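Visitor: The letter at position 44 of the sequence shown is residue 44 when you use UniProt numbering, and the numbering goes up by one with no holes.
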Amino acid sequence: MEFLIIAILVLLAVGIFRYYRQRNYLKVLTESEFVKGYRKAQLIDVREPQEFERGHILGARNIPVTQMKQRLIEMRKDKPVYLYCQSGSRSARAAQLLHKKGYQDIYQLKGGFKKWTGKIKSGK
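What follows is the structure in structure tokens.
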């Protein structure tokens with residue numbers, strides 16, 4: 001029982017540490033804040049291609065988080081990067097990778113695509 005409590009406390013501490021560290025390089029934006037800046041930025045949908053095909057934010061490029069390391073050459077370090085996924089967890093992982101590779105200006109859509117009410121391009 002003691003081991004279980006210690007394990008839970010360690011996992012909780014690691015999660016809190018990651019959250020606060022991530023806040024230093026990833027800015028989470030509401031939809032209205034996101035809309036104000038994404039047209040002047042690189043808008044990246046990090047979901048898988050089949051999800052992207054079903055619908056995505058107008059103007060977004062699809063670079064799945066699973067392919068991001070191999071496709072970094074497609075993104076510029078001198079322009080802001082606006083990321084989104086379905087709910088926010090994959091775009092947070094993508095932001096972590098980009099930060100490690102030297103990207104500075106990284107933003108994430110709060111709530112992800114499922115909370116988006118703006119213009120979309122519908123899939124097939």
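Built from N, CA and C at the ideal position, the CB exists for glycine as well. Remember, it's a predicted structure, so these values are computed and weren't measured experimentally.
My assumption, with CB atoms under 8 Å, is that G112 sits in contact with C85. Please give the rounded CB distance.
Guide: Yes, G112 and C85 are in contact; Cβ-Cβ is about 5 Å, under 8 Å.
Visitor: Quick check: what's the CA-CA separation for R76 versus Y107?
Guide: If I take the Cα positions, the gap works out to 14 Å.
Visitor: So, L109 versus L29, is the Cβ gap smaller than 8 Å?
Guide: Contact: yes.
Visitor: Are V35 and M68 closer than 8 Å when you measure CB to CB?
Guide: Result no, Cβ atoms of V35 and M68 do not sit closer than 8 Å.
Visitor: What residue range does the beta strand (DSSP E) around S122 cover?
Guide: First-last of the beta strand (DSSP E) with S122: 120 to 122.
Visitor: Spell out the partners DSSP gives N62 in its beta bridges.
Guide: According to DSSP, N62 bridges with D45.
Visitor: On the DSSP letters alone, give me the boundaries of the beta strand (DSSP E) that G55 sits inside.
Guide: 55 to 57 is the span of the beta strand (DSSP E), which, as asked, contains G55.
Visitor: Just to confirm the assignment, what range does the alpha helix (DSSP H) spanning K100 have?
Guide: Where K100 is concerned, the enclosing alpha helix (DSSP H) stretches over 89 to 100.
Visitor: Can you tell me whether L118 is buried or exposed? The criterion is at least 16 other CB atoms within 10 Å of its CB, across all chains shown.
Guide: Just to set this straight, residue 118 is Gly in the shown sequence, not Leu. Per the 10 Å Cβ criterion, exposed.
Visitor: Is the closest heavy atom of the ligand GTP to the C-beta of E74 under 7 Å?
Guide: As presented, the structure is devoid of all ligands, the ligand GTP included, so that no description of it is given.
Visitor: Under 7 Å Cβ to Cβ from Y38, same chain only, skipping five residues before and after it: list those, please.
Guide: Correct list, in chain order: Y82.
Visitor: Classify P64 as buried or exposed, calling it buried when 16 or more other Cβ atoms lie within 10 Å of its own Cβ.
Guide: Label assigned to P64: buried.
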